[in-house]
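Below is one structure; the comments refer to it alone.
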Amino acid sequence: MRVSNIFSFKKTYPFIYILFCVQSLTLHLWGGLLQGVMPIQDKLQQFQTLVDQNKIDKDLIRQSFFLFESGSNDIFNYFLSFDPPTLNPDAYVQSMLTQVEDFIDSLYRLGARSLAVFSLGPVGCVPARAVLPSAPVDRCFGKMNKMVKNYNQGLENLVKNVHIKYPGVAGVYGAVYDIVQLFRAMPMRYGILNVSSACCGYGTLGGQMQCGKEGYYICSNPNQFLFWDFFHPSEHAYKLISKLLWSGSQSRIRPFNLKALANITLLHS
Ligand SMILES: *[C@@H]1O[C@H](CO)[C@@H](O)[C@H](O)[C@H]1NC(C)=O
Ligand SMILES: *[C@@H]1O[C@H](CO)[C@@H](O)[C@H](O)[C@H]1NC(C)=O
1 MRVSNIFSFK KTYPFIYILF CVQSLTLHLW GGLLQGVMPI QDKLQQFQTL VDQNKIDKDL
61 IRQSFFLFES GSNDIFNYFL SFDPPTLNPD AYVQSMLTQV EDFIDSLYRL GARSLAVFSL
121 GPVGCVPARA VLPSAPVDRC FGKMNKMVKN YNQGLENLVK NVHIKYPGVA GVYGAVYDIV
181 QLFRAMPMRY GILNVSSACC GYGTLGGQMQ CGKEGYYICS NPNQFLFWDF FHPSEHAYKL
241 ISKLLWSGSQ SRIRPFNLKA LANITLLHS
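Mapping to full-length UniProt numbering: the sequence shown position 189 is 189, numbers consecutive.
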């Protein structure tokens, strides 16, 4: 996939691998709610195999962007009662960050040089919290968002040091959490009318069932919703987020935006 397709940008950039979106970091998190989620280490192994078999050109890897966004399932599942965690929240977040560190390490050894790490959004605000006995319905789940913020802070620290630890790597951190909170605080400004419920789903907040499962309903105006389904933002929200990550200021993505990262990557290739 080309960056230009994603961001509808006229210039053609080198190839991009989007491999690790909406995956799970750890193995022990397979729950009934989110089936078919592949742990990150398995994805990485698949990638490594392709490289070992010379099916992916090393130069191409060097010229590619690697976009990383992972961990929301892990934190959400921490609160699922049928999957009781053994670690306390801080230790759990630390174990997630260790996985991310290992992952970045592996990517570097595979030849990756341009890395964008995106923070998690406020996972405690997703409509799916309606299935959690401990979560409130009328506001976001504070305990969950606290874990998310700790994790995001850890991610940002990793990115800050990435060019020191890995010479030649350009890394940026996208503050998706803050962007989504902006939408929630000023929805009208972003053309959003409903920040709480899923457009497609069932029950409380539309969050008690996945979109498409028997009995679901769907709203008539999906573009006016922050959430498309019980867990994911709407296409409208994703578009806004990607625009801000592409060309936004340092309060959205730092130390520079994706457009500048693409520029640097081009200069090196
Ligand atoms: C959001 O959408 C849901 C589902 O359509 C609806 O029940 C709810 O009242 C809406 N909330 C607001 C604030 O419009
Ligand atoms: C891209 O790089 C060129 C050459 O260094 C520079 O003039 C231009 O301002 C850069 N553009 C962005 C968006 O960083």
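Built from N, CA and C at the ideal position, the CB exists for glycine as well.
Pairwise C-beta distances place the region 146-155 out of contact with the region 225-241, as fewer than three of them are shorter than 8 Å. The continuous beta strand (DSSP E) containing residue 68 extends over residues 65-70. Your pair residue 203 and residue 130 checks out as a contact, with CB atoms roughly 6 Å apart and the cut at 8 Å. In terms of side-chain proximity, the C-beta atom of residue 219 is found nearer than 6 Å to a non-hydrogen atom of ligand 1. The secondary-structure analysis by DSSP pairs residue 194 across a beta bridge with 225. In this structure, the CA atom of residue 199 is about 10 Å from the CA atom of residue 232. If you check the C-beta of residue 197 against ligand 1, you find a heavy atom less than 6 Å away. Sequence-distant Cβ neighbours of residue 138 in its own chain, meaning closer than 6 Å and more than five residues away, do not exist here. A Cβ-Cβ distance of about 6 Å is found for the pair residue 79 and residue 134, placing them in contact under the 8 Å criterion. Residue 253 sits close to residue 172, with the two beta carbons spaced by under 7 Å. As summarised for the region 102-174, the continuous beta strand (DSSP E) elements at least 3 residues long and confined to that stretch are 114-118 and 170-174, given in chain order. According to the DSSP assignment, residue 236 belongs to the alpha helix (DSSP H) that extends over 235-247. Between the alpha carbons of residue 207 and residue 50 lies a gap of roughly 38 Å.
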